[in-house]
Amino acid sequence: MLTYNKGKLKYRIFNDEEVSILNDDSSFSIVLLPRKTPDLYVNFELVNVEKSNIIFLSPGDTLVAKSRIQECRIIIFEKGSMCTSENLIYLLFNATLREGKAPNATHSLRKSNKHIVLEYFSRIEAAFVSEEFKEVIVLSHINNIIYECVYNTLFGDHKDIIDFSILLNSNYSKKHLVSQYADILRLPPKELLRAFKRRGFDKPSEIIKDRILLEVKKLLINTDLDVKEIGEKLGFEDSAYFSRFFKKNTGETALEFRKRYLQS
Numbered sequence: 001m002l003t004y005n006k007g008k009l010k011y012r013i014f015n016d017e018e019v020s021i022l023n024d025d026s027s028f029s030i031v032l033l034p035r036k037t038p039d040l041y042v043n044f045e046l047v048n049v050e051k052s053n054i055i056f057l058s059p060g061d062t063l064v065a066k067s068r069i070q071e072c073r074i075i076i077f078e079k080g081s082m083c084t085s086e087n088l089i090y091l092l093f094n095a096t097l098r099e100g101k102a103p104n105a106t107h108s109l110r111k112s113n114k115h116i117v118l119e120y121f122s123r124i125e126a127a128f129v130s131e132e133f134k135e136v137i138v139l140s141h142i143n144n145i146i147y148e149c150v151y152n153t154l155f156g157d158h159k160d161i162i163d164f165s166i167l168l169n170s171n172y173s174k175k176h177l178v179s180q181y182a183d184i185l186r187l188p189p190k191e192l193l194r195a196f197k198r199r200g201f202d203k204p205s206e207i208i209k210d211r212i213l214l215e216v217k218k219l220l221i222n223t224d225l226d227v228k229e230i231g232e233k234l235g236f237e238d239s240a241y242f243s244r245f246f247k248k249n250t251g252e253t254a255l256e257f258r259k260r261y262l263q264s
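Following the working numbering, the numbering of the sequence shown begins with 1 at its first residue and continues without gaps.
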């Protein structure tokens with residue numbers, strides 16, 4: 001085990017070792033388990049870690065692995081370092097709140113946010129080994145890990161949908177395929193489609209099409225650009241294909257739409 005101590009913060013690295021964490025009454029721990037981990041107990045209760053997980057340990061909590069863990073990273077910080085984030089851990093990940101709808105301490109990382117969390121851990125590790133350690137930067141990265149997990153816990157699929165919508169509004173003139181957005185989100189296109197379906201939204205392909213059509217209509221009404229110029233502005237290199245695209249999805253040509261709308 002490697003341990004780095006910097007004031008109120010600690011960072012521990014385990015590789016193919018037994019892991020045992022006993023939080024005192026003034027410490028929080030954030031445990032990263034990048035892969036499936038068997039025989040893991042939080043507060044002496046077996047937890048199921050089938051894939052990449054974050055485990056949040058509040059003051060007084062314990063974590064014990066009854067077999068060697070191939071890889072584990074642990075951030076430890078004192079209570080009072082980040083009051084708002086600490087309250088979120090108490091509320092959403094407290095291992096002692098087991099009745100009703102209270103979640104337990106484990107948070108499964110989704111494909112869409114795993115790389116984000118791993119990047120924050122990498123930055124924290126780099127900060128600890130650096131000769132110019134800056135506590136405020138490390139606390140910022142810890143906050144980002146907590147909020148990333150909180151966001152996913154509260155919104156689940158909605159995060160993928162929100163992220164897709166934000167990307168679409170910035171890229172509709174350059175990216176017209178679902179696969180292009182899925183690549184940026186680091187999701188398989190089918191998984192992105194399932195997220196929309198589970199929440200009762202239109203297919204991502206339909207949403208992309210409708211967003212492009214909305215922009216075409218705005219340009220037809222509010223500018224003097226001809227149809228070819230509008231097509232080029234929205235990423236259509238083939239003007240004939242753009243004309244067919246608009247008529248197929250609206251039932252009229254772009255010029256017919258412009259004329260009808262301006263006359264009315």
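Just so you know, even glycine gets a beta-carbon here, dropped at the ideal spot from N, CA and C.
Assuming residue i and residue j make a contact with CB atoms under 8 Å, what is their CB distance in whole Å?
i, j, result
"Val-117", "Ile-54", "7 Å"
"Lys-8", "Phe-77", "6 Å"
"Leu-220", "Ile-230", "7 Å"
"Glu-71", "Arg-35", "7 Å"
"Ser-27", "Pro-59", "6 Å"
"Ser-239", "Lys-228", "4 Å"
"Lys-6", "Glu-135", "7 Å"
"Phe-201", "Leu-185", "That belief does not hold up - the Cβ atoms of Phe-201 and Leu-185 are roughly 15 Å apart, past 8 Å."
"Val-150", "Leu-88", "5 Å"
"Arg-68", "Asp-16", "6 Å"
In the DSSP assignment, find the alpha helix (DSSP H) that holds residue i and state where it starts and stops.
i, result
"Tyr-11", "Counting along the chain, Tyr-11 falls outside any alpha helix (DSSP H), though it belongs to the beta strand (DSSP E) covering 9-17."
"Phe-242", "239-250"
"Leu-255", "254-263"
When you compare the CB of residue i with every CB in chain B, is at least one pair closer than 8 Å?
i, result
"Thr-223", "Considering every chain present, this structure includes no chain B. It has just one protein chain."
Per DSSP, what are the beta-bridge partners of residue i in this structure?
i, result
"Ser-27", "Glu-78"
"Tyr-151", "Answer is none; Tyr-151 lacks a bridge partner."
"Leu-40", "Val-47, Ala-65"
"Ile-21", "Leu-63"
"Leu-33", "Asn-53"
"Glu-71", "Asn-15"
Starting from residue i, trace the beta strand (DSSP E) in both directions and tell me its first and last residue.
i, result
"Phe-56", "53-57"
"Leu-2", "2-6"
Does residue i pass the burial test, meaning 16 or more other C-beta atoms within 10 Å, or should it be called exposed?
i, result
"Thr-37", "buried"
"Ser-20", "exposed"
"His-141", "buried"
"Ile-162", "exposed"
"Arg-244", "exposed"
"Phe-155", "exposed"
"Ile-207", "buried"
"Glu-99", "Below a pLDDT of 50, predicted positions are generally treated as unreliable, and Glu-99, at 49, falls in that range; the measurement from the model is reported next regardless. Exposed, because fewer than 16 other Cβ atoms sit within 10 Å of the Cβ of Glu-99."
"Ile-166", "exposed"
"Glu-148", "buried"
"Lys-101", "Because the pLDDT at Lys-101 is just 45, under 50, the model does not fix this residue reliably, and the point stays unresolved."
"Cys-113", "The amino acid occupying residue 113 in the given sequence is Asn; Cys does not appear at that position. Counting Cβ neighbours within 10 Å, Asn-113 comes out buried, since at least 16 surround it."
"Asn-169", "exposed"
"Asp-61", "buried"
"Lys-159", "buried"
"Val-31", "buried"
"Ile-49", "Note that residue 49 corresponds to Val in the displayed sequence, not to Ile. Val-49 comes out buried."
"Ser-29", "buried"
"Phe-44", "exposed"
"Glu-241", "Sequence check: residue 241 is Tyr here, not Glu. By the 10 Å Cβ count, Tyr-241 comes out exposed."
"Asn-152", "buried"
"Leu-33", "buried"
"Val-120", "Checking the sequence shown, residue 120 turns out to be Tyr, not Val. Burial call: buried."
"Leu-255", "exposed"
"Ala-126", "exposed"
"Leu-192", "buried"
Go through the segment 164-230 residue by residue and report every complete run of the alpha helix (DSSP H) that reaches 4 residues or more, in order. 178-185, 189-198, 204-222
Please list the segments of the alpha helix (DSSP H) lying wholly inside the segment 73-138, counting only runs of 4 or more residues, in order along the chain. 83-93, 111-129
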